[in-house]
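To start, the structure itself, in C-alpha cells.
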Amino acid sequence: SSRLRLTVTTGSETNAVFIVVDSQQGPVSNPPGLRIQLNIEAHRFMKNGKEKRAVNLEDVIESIGMGPAQIAWGILGGGIWLADGAELLLVSAVTRSLQKEWHLTAFMKGFIVSAVYLGILLGNAASGGFSHRFGRREMIVLSYCGIFFCGSLSGACHTTVAFMMMRFLGGIFIGIGQPAWLSISAEITPAYWRIPMAAASQSLFVVGEMYISFLLMMDDLNMQFLHWRGLFRLGG
Numbered sequence: 003s004s005r006l007r008l009t010v011t012t013g014s015e016t017n018a019v020f021i022v023v024d025s026q027q028g029p030v031s032n033p034p035g036l037r038i039q040l041n042i043e044a045h046r047f048m049k050n051g052k053e054k055r056a057v058n059l060e061d062v063i064e065s066i067g068m069g070p071a072q073i074a075w076g077i078l079g080g081g082i083w084l085a086d087g088a089e090l091l092l093v094s095a096v097t098r099s100l101q102k103e104w105h106l107t108a109f110m111k112g113f114i115v116s117a118v119y120l121g122i123l124l125g126n127a128a129s130g131g132f133s134h135r136f137g138r139r140e141m142i143v144l145s146y147c148g149i150f151f152c153g154s155l156s157g158a159c160h161t162t163v164a165f166m167m168m169r170f171l172g173g174i175f176i177g178i179g180q181p182a183w184l185s186i187s188a189e190i191t192p193a194y195w196r197i198p199m200a201a202a203s204q205s206l207f208v209v210g211e212m213y214i215s216f217l218l219m220m221d222d223l224n225m226q227f228l229h230w231r232g233l234f235r236l237g238g
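Numbering-wise (this note's numbering), the sequence shown opens with residue 3 and increments by one.
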C-alpha cells in the first residue's frame, strides 16, 4: 500500500489531501493483463482541522488526467462501433448475392437489412437495465461474443428466416454494448476529454467499414459473385 499527500492552496486556506491506495493482483483479464482492485480512502483536512470531507473517485481521475489506460479502453470499448460499421456494410453488400441464391423478393431483401437496425434499437433499449443488473463491462464482453457467434452462424444459414434471425440477434448484441461503453467512458475519463473520447470511439465505425470494403474488394471487385458465407465468417 502507499500513501500520497497532496497540498492545495486556495486563497488563505491550505487543504491537505491524503490518499491511501491498496492494490491486489487478480486474474488476467483486463489490459494490460492485470485486474487491479483499488480501495481508495481519501480525506481532505482543512487547516483548522474542523472540516473533514471525502474525496470521490472522480477527483482522483481528474488529478491523474488522460493517459494510456483511457486510450487502451477506448480501443477495446470503441470496437463495438467497429463491429457495427462492419456488420451494416456487409449485410447491405451481400443482399444481391442472397437474392440470386434464395430468389428473394424486393421486400425480403430490404427487410433483411432492416432486421439489423431493429435489433440495434432493441439492444440499445435493453442495455441500461441489463447493465445495471449484471454490470456494464459484462455487457461489453457479451456484445463481442454475440457479434462473433452471430456472424459465424450467419455464414452457415440455408434459409431466409434463419439468416434474418441471426442478423436480428447480431443487431441486439451490437446495441447492448454501445450504451454500456459510453457509460464506462464517461466514468474513467477526465471531464475535459469525455466528448473527444466518445467521438474517437464512435469514429471506429468508419474503420469497420474500411475493413469490410477491403474484404469485398479482395473477394470480387465488381461485387457480382460474392462468397457471402466466407465474408460473414471473416466479418464476425
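We put the beta carbon where it would ideally sit given N, CA and C, even for glycine. A quick note: this is a predicted structure, and the numbers were derived from the prediction, not measured.
Classification of residue i by the beta-carbon crowding that lies within 10 angstroms, buried from 16 upward
i, result
"Val118", "buried"
"Ala2", "For residue 2 there is no data in the structure shown, the boundaries of the chain being 3 and 238."
"Gln180", "buried"
"Ala182", "buried"
"Gly238", "buried"
"Gly76", "buried"
"Cys152", "buried"
"Ile214", "buried"
"Met220", "exposed"
"Ile66", "exposed"
"Met225", "exposed"
"Leu223", "exposed"
"Leu90", "buried"
"Leu228", "buried"
"Phe165", "buried"
"Lys174", "Residue identity differs from the one stated: residue 174 is Ile in this sequence, not Lys. Ile174 comes out buried."
"Tyr129", "The sequence given here has Ser at residue 129, not Tyr. Classification of Ser129: buried, given that the 10 Å Cβ count is 16 or more."
"Phe216", "exposed"
"Leu123", "exposed"
"Ser116", "exposed"
"Gly210", "buried"
"Leu100", "buried"
Contact belief for residue i with residue j at Cβ below 8 Å, rounded distance in angstroms
i, j, result
"Gly79", "Ser187", "6 Å"
"Arg169", "Ser156", "7 Å"
"Ile176", "Met141", "Not a contact, Cβ separation roughly 11 Å."
"Ala192", "Glu64", "The question names Ala, but residue 192 is Pro in the sequence shown. Contact holds; Cβ gap of about 5 Å."
"Ile149", "Gly125", "11 Å between Cβ atoms; not a contact."
"Leu106", "Thr162", "7 Å"
"Ser154", "Arg231", "No, Ser154 and Arg231 are not in contact; Cβ-Cβ is about 10 Å, not under 8 Å."
Residue i in three-state terms, based on DSSP
i, result
"His105", "coil"
"Asn126", "helix"
"Leu228", "coil"
"Ser205", "coil"
"Val96", "coil"
"Met68", "coil"
"Gly238", "coil"
"Asp222", "coil"
Counting Cβ pairs closer than 8 Å, one from the region 133-140 and one from the region 110-118, do we hit at least three? no
So does the region 80-100 actually touch the region 202-211, counting three or more Cβ pairs closer than 8 Å? yes
With three or more beta-carbon pairs closer than 8 Å as the criterion, would you say the region 58-71 touches the region 95-106? no
Residue ranges of each alpha helix (DSSP H) run of no fewer than 4 residues wholly in the region 113-192, ordered along the chain? 138-156 and 162-190
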